[in-house]
Amino acid sequence: MRSNKDIIKSKPDKGNGVVIIDRIQYNNRIYDIINDETKFQKLKKDPTQTKERSLQKFLRTLKVSNFLNENDYNKIYPTGSQPARIYGLPKLHKSFAANSCPPLRPIVSSISTFNYNLNKFLCTLLSPHVNSKYCPKDSFTFAEEIKEVSFNNKFVVSFDVVSLFTNIPLKETINLAVYIILSNTPSINITKKDLSKLFVFATSQTHFLFDNNFYEQVDGVAMGSPLAPILANLFMGINEVKWIENYTNEKPQFYRRYVDDIFAIFDNEKEALSFFNYLNKQHPNIKFTLETEKDKSLAFLDIFIDFKENLKTSIYHKKTFTGLFTSFTSFTPNIYKIGLLKTLIDRVYKINNTWVGIHKDLSKLRSILLKNRYPSKVIDNNIKKYLEKIYVNKANLSNGDTNTKYFVLPFIGKYSDITFKKIRALIKKYCKKDCSFKLIYRSKKIQSYFSLKDIIRNESLSNVVYKFKCASCNACYIGETSRRLSDRIKEHFKTDKTSHIYKHLHENISCFDSANISCFDILDTAANKFDLKLKEGLYIDWEKPNLNSQIFHLSCSLTL
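So in the numbering used here, spot 66 of the sequence shown is number 69, and the numbers just go up one at a time.
Structural data, given as structure tokens:
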């Protein structure tokens, strides 16, 4: 029997499920990726604080130059940053040897890193200007587009870009991004040099932790960063237009790309292979693989395209598809379960272009949902409602604008359902007839305590609600910090004379002598300062620590 320390439990890269991998084999696969010195560089120490201070300094200069307003500055300005973490999602749909770890898709989780909010800010600047000439919005758009295309006597292929994200030439792509932004927004108050520096902070300075060692990605973009798919799409979007225009032989009669997957139609196989070889010579970083049609059919994204006679489109699942969805018996709000059901029905209807295909895929979907414990009556009623909504003409009962109110509450089973009904009754009684109501459940965070070893080992713990309990008496204090907890603890002990903990320890010799870092526990974490303050107040109300003193309070009333 192997211990949990010897294995890795993961979800697959495509679809749902659970994959159990030998830890040594998993680590070796990750090392195969990060030991590529052209893409990654090993660091001698954690550079988080140094990079955080460097970005803080640069952002202050941009604020003085009026590029950043107060709101954007506060959103981007990093505090209490943590290093990113790299992990791999097993590609079960790829071939690999038996009893070995499958190939991994590297994901760099960048939440709470020093440049995470900067990434999101740059997304808002760049995304409106990214070329999308050949990019469908989603599968549904693509399914609609190919309805207008003739497949008679045509040859269909699919190209796939090899490791697109890690092979994007970063410097070249940053130059493109800066040029695009400055060209399309001439009123923007920032120089080319400073905008380039912001992109460098957001991309090439990304570092992460793996197996107690720190690494930095020096080229390519990290999958897991909000900016990565936009930069990849920008690079491919601009270059593919140029590549197709410059191609002197017979161009593809239809060409669409979704991230790293390309669908193209040619007159014959010779033309397809010629274009494929041409693409592979256009950029040293970008290489393609080829999949050709089989028996006049080809899968692209989640669509199976059959063009033997008339064009037929239907739902496509990879061989690794497990059929695993959220169980109907799971501790989840019913509105989420019904929402999933409606989404899957809608997907079947929009991707299929024949009633035979719709019936076939709905039957498959029904079988899969039954295995996920969905009652047959619930499935059939929702299918019926969906089709009636589309094909049965109904009078438009509301011509005015709807006023939707959102209430965010923790989901705690039947008590949440009771609350939902009471609020809906109040809405119905007191609101206008055109007022709609939705209740959004937020998963209740399970309180977790970090040990002393965790605090010592991880200097970057931040955005926490913590508790101090005196080792000599019953004195107790609850506080919050968006900075590193280790820094805040030092202030409580030594420098912050206004701190209640500092005053207590220096007024009581026995308490001072017995105080150490083990007096602190982490009660909870939060993603932003508002939630942090809210959780601190809740814990103070629950535990009533005697060292906390209330400065002021606000009386609040809920009104409809």
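Note that beta-carbon positions come from the ideal geometry of N, C-alpha and C, so glycine has one too.
query: Sequence ranges, alpha helix (DSSP H) only - wholly within the stretch 296 to 358, length at least 4; result: 337 to 354
query: Sequence-distant residues of the same chain with beta carbon closer than 7 Å to asparagine 283, five excluded per side; result: Lys290, Phe291
query: Spatially closest choice to serine 135 from Ile33, Met239, Thr251, by CA coordinates; result: Met239
query: Cα-Cα separation, leucine 71 to lysine 195; result: 15 Å
query: Same chain, Cβ closer than 8 Å to proline 106, five either side skipped, listed in chain order; result: Arg32, Pro93, Lys94, Lys97, Phe99
query: Euclidean distance between Cα positions of lysine 493 and serine 68; result: 35 Å
query: Residue(s) in a DSSP beta bridge with arginine 88; result: Ser112, Leu212
query: Beta-carbon contacts of cysteine 126 that lie in its chain and below 7 Å, excluding the five residues immediately before and after; result: Pro229, Leu230, Ile233
query: Outcome for proline 86 when other beta-carbon atoms lying within 10 angstroms are tallied against a minimum of 16; result: buried
query: Glycine 360 (DSSP reduced to helix, strand or coil); result: helix
query: Stretch pair the stretch 491 to 509 + the stretch 535 to 543: three plus CB contacts closer than 8 Å; result: no
query: Tyrosine 505 Cβ short of 7 Å to the ligand SAH heavy atom set; result: Only the bare structure without any ligand can be found here, which leaves the ligand SAH out of the picture.
query: When Ile306, Leu429, Ile10 are compared against isoleucine 149, the one with the closest alpha-carbon; result: Ile306
query: Uninterrupted beta strand (DSSP E) stretches inside the stretch 472 to 550 (no shorter than 3 residues); result: 479 to 484, 523 to 528
query: Burial state of alanine 267 (16 or more Cβ within 10 Å); result: buried
query: Buried or exposed (CB count within 10 angstroms, at least 16 for buried), tyrosine 418; result: exposed
query: Leucine 46 - containing beta strand (DSSP E), residue span; result: 43 to 46
query: Outcome for valine 21 when other beta-carbon atoms lying within 10 angstroms are tallied against a minimum of 16; result: exposed
query: Burial state of threonine 169 (16 or more Cβ within 10 Å); result: buried
query: Among Gly227, Ser57, Gly91, the one whose alpha carbon lies nearest that of threonine 82; result: Ser57
query: Coil, strand or helix - glutamine 220 by DSSP; result: strand
query: Close beta carbons around isoleucine 371, own chain, < 8 Å, minus the five adjacent residues each side; result: Gly326, Phe328
query: Where the beta strand (DSSP E) through valine 159 begins and ends; result: 158 to 164
query: Buried versus exposed call for tyrosine 218 [16 or more other C-beta atoms within 10 Å across all chains shown]; result: buried
query: Reference cysteine 104; option with closest CA among Pro15, Phe533, Glu253; result: Pro15
query: C-beta atoms of cysteine 61 and lysine 174 nearer than 8 Å; result: Checking the sequence shown, residue 61 turns out to be phenylalanine, not cysteine. No, these two residues do not count as a Cβ contact at 8 Å.
query: Distance between beta carbons of asparagine 466 and leucine 535, contact taken as under 8 Å; result: 6 Å
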